[in-house]
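In my numbering, the protein residues as written are -19 to 60.
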């Protein structure tokens, strides 16, 4: 499948929109602030915003197995 400009623009805007949500809602940066990501949201297309808060990394903090590993373990236990 050949990627068109429209597809790339759509994907870039989607990524920017998601990262801007993290900046505004999770980090608490409001639009009244003159933060460079709010003023120039295009910079967010290449930024790596890794949220490591308790809500986003719940499984890692509580040390729960991932669902794919859990399903494999359940299948192995059923075979035994």
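Quick reminder that beta carbons are idealized off the backbone N, C-alpha and C, glycines included. It should be emphasised that the depicted structure is a prediction, and the values quoted were computed from it without experimental measurement.
Query raised in the report: What number of angstroms, rounded off, separates the C-alpha of residue -7 from the C-alpha of residue 24?
Result: 10 angstroms
**Report entry** DSSP state of residue 8 mapped onto helix, strand, coil
**Finding:** coil
Requested in this report: Identify whether residue 56 lies in helix, strand or coil by the three-state DSSP scheme.
Outcome: helix
Query raised in the report: When you compare only the Cα positions, how much space is there between residue 4 and residue 53?
Result: 39 angstroms
Requested in this report: Report the three-state DSSP secondary structure of residue 30 (helix, strand or coil).
Outcome: coil
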